[in-house]
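Engineer:
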Amino acid sequence: MLTSAQKKRQIVQPYDGPYCPRCNWKLTADWIRTGTVRCPDCNRDFEATAFKPPERKVRIAQVATVGPDGANVCANHARNAATTSCTRCGLFICALCDLNVGTGSICPSCFDRARTEGSLPTATKTRDYYAQAKMAAIVGLFFGFFLLGPLFGTLALIYQAKGRKQIRAHGDDPWDAGSITVLVIAIILLGGGAIYDVLIILSMMGKLH
Amino acid sequence: MSRILLGRNTGLGIREKVYETADAIEVDTTDQYELSRKRVLFEDIVLVTYHREVGGGYVGAHVLIATVFLFIAAATAAAQGGWLGALIVGAFAVPSIVAILVRTLLQVDVISVYSRRARAKIRFTFRKELAREVYGRICAKARQTQRKIEEENRALEPEPEPLPDAETLPPSVTSPSA
C-alpha cells in the first residue's frame with residue numbers, strides 16, 4: 435500500500451531527457467534530429483535542432499607523473515595530484531573530486547552536506563522580495579481607502595529595497611519599468627495615504643469644514 | 011557577464027523568467043514568494059525546439075469565464091427584461107473574448123530547450139521576430155560551447171606515437187620476363 439507521499443513521488447516524474455514540446459511524449463533517440471519533426475504520438479510538427487553534447491574529458495594528473503615537488507596529493511585519491519582546494523573545507527582535491535556547480539570548487543563530502551542542509555547556492559530557494567513589493571503595492575491600492583495606504587506603502591518600499599538588493603546581487607538591472615512603477619505607487623501610497631488619513635481624522639474630529 | 015532576460019514562461023500554475031548567462035540558460039521559477047533557480051548548461055543541450063500553439067488551457071479558461079458572464083447576462087435579461095443590466099454583466103465577458111480572439115489569431119511561439127539534466131521553456135505571444143532571434147542565439151551558443159569542449163578534449167588526448175621507421179625493403183625481385 436503506497437502512502438500519499440509515495441503516490442505523489444510517483445506522479446512527479448524526474449526529468450530524463452527530451453520530450454515532444456506539444457504533448458510531452460518522451461522522445462527516443464530516433465526522434466532527436468534536426469529539421470521538422472513529426473511527433474509519433476500527437477502527430478503534430480515542430481522545428482528542432484539536435485546536438486550531440488560531448489562528454490568533457492578531465493585530465494587527472496598523477497603524483498607520479500607530476501613529481502613530488504610542488505604537487506599536493508588529493509585527499510580522496512592518494513595517487514592523484516590536487517588541482518584545487520575545496521572552497522568550503524579547504525581540502526586538496528583532484529580534478530575527479532572537483533564538483534563545481536557554478537559556485538566554486540566543492541569536494542564530494544561538502545557537496546553532499548551542503549545539499550542536505552539546503553545551503554548549496556544553486557539548490558537554495560530564496561524569498562522573492564520583488565514579488566512581495568508588487569503585491570504590497572497592489573493590495574495598498576485597494577486598501578488605501580481604509581486608512582491602510584501608509585502601512586502598505588511602507589511595506590512596499592521595504593520589500594522593494596530588499597528586492598533591488600537581491601536583483602543587483604544576481605547581476606541584473608534593478609531599475610526596470612516594473613520596479614520604478616512599484617516605487618512610484620509605494621510613494622503615492624505613503625504620501626497620499628498619509629494626507630488622506632489626516633484629512634479623514636480631522637473631518638471625524640469636526641475640525642475640517 | 012550579467013544575465014540577459016530572454017523571455018518568460020507564464021501559465022496558469024507557472025511563473026518563470028529565463029535568462030542567458032555566459033555558460034548556461036538560467037530559469038528563475040517563482041512559487042508563491044519563493045524563488046528557485048535552475049541552470050540548463052549550453053554544453054549539455056541535446057535538443058532545441060520551436061513551435062507555434064494556441065494553448066488549450068488558456069483558451070479553455072477564457073471560454074469558461076466568458077460563458078459564465080454571458081450566462082449571467084442572459085439570465086439577467088430573461089429575469090428582469092431590461093437590457094442595461096444584462097449589458098453591464100455581459101461587458102465583463104468582453105476581455106475574455108478579446109483574449110481568445112488575440113490568442114487564436116496570433117498564437118504563441120514556444121522555444122523549448124532540453125539538456126541532459128534540465129529543460130527550459132520560453133513563450134512569446136507578440137514578438138515573433140524576437141522568438142526567432144532567441145532560438146537562433148541559443149542554438150548558436152550551444153553549438154559554439156560544444157565545439158569548444160570538443161577542441162579541449164582533442165587537446166587533452168595524447169598524441170599518437172610516431173610510427174617506427176619503415177625498414178628498407180629488400181630490392182624487389184621482379185619476375186624475369188619470359
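Line order of the protein sequences matches chains B and S.
Sequential numbering from 435 applies to the first sequence in the numbering used here.
Sequential numbering from 11 applies to the second sequence in the numbering used here.
Cβ coordinates follow ideal geometry from the N, Cα and C atoms, glycine included.
Among B:Gln496, B:Lys486 and B:Gly626, which has the Cα closest to the Cα of Cys528 of chain B?
Structural biologist: To locate residue 528 of chain B, count along the first sequence from 1; it is residue 94. Ranking B:Gln496, B:Lys486 and B:Gly626 by Cα distance to Cys528 of chain B puts B:Gln496 first.
Engineer: How is Ile159 of chain S classed by DSSP in three states: helix, strand or coil?
Structural biologist: Taking the first residue of the second sequence as position 1, residue 159 of chain S is located at position 149. The answer is helix: DSSP assigns Ile159 of chain S an H, G or I state.
Engineer: Which residue wins for smallest C-alpha separation from Tyr68 of chain S, given the options S:Leu16, S:Leu51 and S:Ile107?
Structural biologist: Along the second sequence, read from residue 1 onward, the residue named residue 68 of chain S stands at position 58. Here the closest residue by C-alpha is S:Ile107.
Engineer: In this structure, does DSSP put Lys442 of chain B in helix, strand or coil?
Structural biologist: Sequence index remark: in the first sequence, residue 442 of chain B carries index 8 (1-based). Here the model assigns Lys442 of chain B a pLDDT of 49, short of 50, so the residue's position is not dependable and the matter cannot be decided.
Engineer: Straight-line CA distance for Tyr563 of chain B to Ala590 of chain B?
Structural biologist: Taking the first residue of the first sequence as position 1, residue 563 of chain B is located at position 129. Taking the first residue of the first sequence as position 1, residue 590 of chain B is located at position 156. Whole-angstrom Cα-Cα distance: 9 Å.
Engineer: Which residues does DSSP pair with Gln496 of chain B in a beta bridge?
Structural biologist: Within the first sequence, the letter at position 62 stands for residue 496 of chain B. B:Asn514.
Engineer: Give me whichever residues DSSP pairs with Tyr29 of chain S in a beta bridge.
Structural biologist: Walking along the second sequence from the start, residue 29 of chain S turns up at place 19. In DSSP, Tyr29 of chain S forms a bridge with S:Leu15 and S:Glu36.
Engineer: Leaving aside the five residues before and after Arg467 of chain B along the sequence, list all residues of the same chain whose C-beta is less than 8 Å from its C-beta, in chain order.
Structural biologist: Position 33 of the first sequence, counting from 1, holds the residue named residue 467 of chain B. Counting only Cβ-Cβ distances below 8 Å, and skipping sequence neighbours, we find Ala482 and Ala484.
Engineer: For the putative contact between Pro542 of chain B and Leu554 of chain B, defined by C-beta atoms under 8 Å, what is the C-beta separation to the nearest angstrom?
Structural biologist: Here residue 542 of chain B is taken as the residue at index 108 of the first sequence, counted from 1. Here residue 554 of chain B is taken as the residue at index 120 of the first sequence, counted from 1. Their Cβ separation, rounded to whole angstroms, is 13 Å, which puts Pro542 of chain B and Leu554 of chain B out of contact at 8 Å.
Engineer: Going by DSSP, what residue range makes up the alpha helix (DSSP H) through Ala546 of chain B?
Structural biologist: For the purposes of this step, residue 546 of chain B is taken as the residue at position 112 of the first sequence. With the sequence shown as reference, residue 546 of chain B is identified as Asp, and Ala is not the correct amino acid for it. Taken as a continuous stretch (DSSP letters only), the alpha helix (DSSP H) holding Asp546 of chain B covers Pro542 to Glu551.
Engineer: Where does Ile622 of chain B sit, in a helix, a strand or coil, going by DSSP?
Structural biologist: As a position in the first sequence, residue 622 of chain B is number 188, starting the count at 1. Three-state result, Ile622 of chain B: helix.
Engineer: Give the C-beta separation of Gly17 of chain S and Ile132 of chain S to the nearest angstrom, bearing in mind that I take them to be a contact with Cβ-Cβ under 8 Å.
Structural biologist: Stepping through the second sequence from its first residue, residue 17 of chain S is reached at position 7. Stepping through the second sequence from its first residue, residue 132 of chain S is reached at position 122. Confirmed, about 4 Å.
Engineer: Val50 of chain S bridges to which residues according to DSSP?
Structural biologist: Position 40 of the second sequence, counted from the first residue, corresponds to residue 50 of chain S. Answer is S:Ile35.
Engineer: Which residues in chain S have a C-beta closer than 7 Å to the C-beta of Pro488 of chain B? List them in chain order.
Structural biologist: Within the first sequence, the letter at position 54 stands for residue 488 of chain B. By Cβ distance, chain S contributes Gln156, Ile159, Glu160 and Asn163.
Engineer: Between the C-alpha atoms of Tyr453 of chain B and Thr462 of chain B, what's the straight-line distance to the nearest angstrom?
Structural biologist: The count along the first sequence starts at 1 and reaches residue 453 of chain B at position 19. The count along the first sequence starts at 1 and reaches residue 462 of chain B at position 28. Approximately 9 Å between the Cα atoms of the pair.
Engineer: Using DSSP bridges, identify the partner residues of His61 of chain S.
Structural biologist: The residue labelled residue 61 of chain S in the question sits at position 51 within the second sequence. Per DSSP, S:Val120.
Engineer: If you reduce the DSSP assignment to three classes, tell me which class Tyr580 of chain B lands in.
Structural biologist: One-based indexing of the first sequence puts residue 580 of chain B at position 146. It should be noted that the sequence gives Phe, not Tyr, for residue 580 of chain B. In this structure, Phe580 of chain B counts as helix in the three-state DSSP scheme.
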